[in-house]
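Chemist: Numbered per the working numbering, the first sequence spans residues 1091 to 1386.
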Amino acid sequence: MDDDPWPALWHAVTAWYAAHRRDLPWREPGTSPWAVLVSEVMLQQTPVARVEPVWRAWMRRWPTPAAFAAAGHDEVLRAWGTLGYPRRALRLHGTAVAVVERHGGEVPRDREALLDLPGVGGYTAAAVRAFAFGERDTVLDTNVRRVLTRLLDGLPLPPPSLSRAEERRASDLLPPGPADSALWNIGLMELGALVCTARSPRCEACPVAERCAWRAAGYPPDPYADRRRAQAWEGTDRQVRGRLMAALREATEPLPLEALPAWHDEAQRARALTGLVADGLVAVTGSPARYRLPGR
DNA sequence: AACCCGTGGCG
DNA sequence: TCGCCAAGGGT
């Protein structure tokens, strides 16, 4: 009965998804491709729970690429708030401008056109094509990678970097039809987010536990563990940048250097500030210099 | 390829 | 408590 296992696997995952999917706002019927794109960018490395309220307010304020393209960088960065990685907000703005200028205000469906947009990489392009346009494409995010690695390789976590072989396999697994493939993609993602989680997988609730190679092998440990060493955080430039950006989001007028958050290493604070200016996240005005969020 | 880029919550 | 992790992308 297992001479053709893939259809059974597809069905198990998509049926589970139909029964257990979360009602996330960007999944509601009628959500525009632009709204889907905005959600995908916000969700890059940021949990659903923190994205949801920001996304709702965002789409109410700027429903279309044209509306958002007309916003200033300062209001964009304040609306982005504490989602993190604020360069994403500026890239999203650049994407809105590009969509207006190059695509008549409509999010393109073409993969290459999507990849040309700032802040849109392989994952986001595939997600927009699959979830906004119903195209058949391979959506390979951290959830899907983890589920497939456990299910098929018998390892707890995927390799640190995404390989062509991994992409090829995921592509080969895709159901033939566009509608089925989109459901398979979102089903795998949701399974990874709710059941096959990184920390404490709930295998008793998994629709494909009986087929899982990691489970069958007795949950062997992660062979790449030594290569996953988390990037240092305490005392990094990133931490300083975060402090500076938080202060500038709150400020109602430009701040002189001495009014910016203190830091034990003044040279590092200056370097971080220079970096923020170079990234377009901070603007300098006047003499002596004062700092604020950039305008348009 | 390796490193950089925020923030908050959970086990 | 604290390390790890979260719908990645750019360089």
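Heads up, the beta-carbon is just placed ideally off N, CA and C, and yes, glycines get one too.
Would you check if there are 3 or more beta carbon pairs closer than 8 angstroms linking the segment 1204–1219 to the segment 1160–1170?
Modeler: no
Chemist: Taking the alpha helix (DSSP H) that A1169 belongs to, which residues open and close that run?
Modeler: 1163–1170
Chemist: Which same chain residues, not among the five before or five after A1186, have their C-beta less than 6 angstroms away from its C-beta?
Modeler: The residues P1155, F1158, A1159, in chain order, have a CB closer than 6 angstroms to that of A1186 in the same chain once the five nearest residues on each side in sequence are set aside.
Chemist: Of the choices V1229, R1146, A1360, A1315, whose alpha-carbon is the least far from that of W1170?
Modeler: R1146
Chemist: Note down the Cα distance separating C1361 from D1227, rounded to an integer number of angstroms.
Modeler: A small fix is needed here, since residue 1361 is Arg in this sequence, not Cys. Pairing R1361 with D1227, the inter-Cα distance amounts to about 42 angstroms.
Chemist: First and last residue of the alpha helix (DSSP H) that includes A1373?
Modeler: First-last for A1373: 1373–1375, but that is the beta strand (DSSP E), not the alpha helix (DSSP H).
Chemist: Quick one: Cα of V1126 to Cα of P1153, how far?
Modeler: 11 angstroms
Chemist: Quick one: what's got a C-beta closer than 8 angstroms to R1219's C-beta in the same chain, skipping five residues either side?
Modeler: R1199, R1201, L1204, E1225, D1227
Chemist: Work out the CA separation of V1189 and Y1309 for me, nearest whole Å.
Modeler: Straight through space, the alpha carbons of V1189 and Y1309 are spaced by roughly 46 angstroms.
Chemist: Since V1237 contacts C1286 with CB under 8 angstroms, what's their CB separation in whole angstroms?
Modeler: 5 angstroms
Chemist: By the three-class DSSP mapping on this structure, what secondary structure does Y1381 have?
Modeler: In the structure shown, Y1381 sits in a strand (DSSP, three-state: E or B).
Chemist: Helix, strand or coil for L1241 per DSSP?
Modeler: helix
Chemist: Quick check on the burial criterion: 16 or more other C-beta atoms within 10 angstroms. Buried or exposed for T1342?
Modeler: exposed
Chemist: Determine the burial state of G1282: buried for a count of at least 16 other Cβ atoms within 10 Å of its Cβ, exposed for fewer.
Modeler: buried
Chemist: Going straight from the alpha carbon of E1356 to that of R1386, what length do you get?
Modeler: 29 angstroms
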